[in-house]
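Numbering (this note's numbering), first residue to last: 56 to 185.
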């Protein structure tokens, strides 16, 4: 999400990098189902920085770190954010990722499992382009 030298912040789920706020367009409202029969409203939006766009999901029923910064990303560090924003163990929780731990660029999903359930394979995601 942010690279060395970037000034990054998040305000009410909206990402701002170097003073430029990403745009957000509602894609859909749906329900996410969890173990134990629990369900939550899910809001999917298309997030765009003007160069690239992708869908992110917000779960309004989950307390998440939806505001932080501003902070300058130091040399050889990277800010990583999950696309399931309110249910991701990303840089908001584990910190910045050092360059030496980056080993490549993801382009497809190899394998996906339901980690909140019984680790059942999510075969519909296998090979999906990112």
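Backbone N, C-alpha and C fix where the C-beta goes; we use that ideal spot for every residue, glycine too.
In the displayed model, residue 117 falls within coil according to three-state DSSP, outside both helix and strand. Listed as beta-bridge partners of residue 161 by DSSP are no residues whatsoever. By the Cβ-count criterion, residue 70 is buried, with 16 or more other Cβ atoms from all chains shown falling within 10 Å of its own Cβ.
Residue environment analysis places residue 72 among the buried positions, since at least 16 neighbouring C-beta atoms fall within 10 angstroms of its C-beta.
Residue 177 is not bridged by DSSP to any residue.
Leaving aside the five residues that flank residue 78 on each side, the residues in its chain whose CB is nearer than 7 Å to its CB run, in chain order, 103.
Residue pairing by DSSP puts residue 184 in a beta bridge opposite 163. At a Cβ-Cβ threshold of 8 Å, residue 140 and residue 112 count as neighbours. Fewer than three pairs of CB atoms, one per stretch, sit closer than 8 Å, so the region 61 to 68 makes no contact with the region 160 to 170.
CA-CA distance, residue 100 to residue 109, rounds to 8 Å.
Secondary structure of residue 93 (DSSP, three-state): coil. For the set 181, 164 and 60, the Cα lying nearest the Cα of residue 74 is the one of 60. Going by C-alpha positions, residue 137 is about 6 Å away from residue 145.
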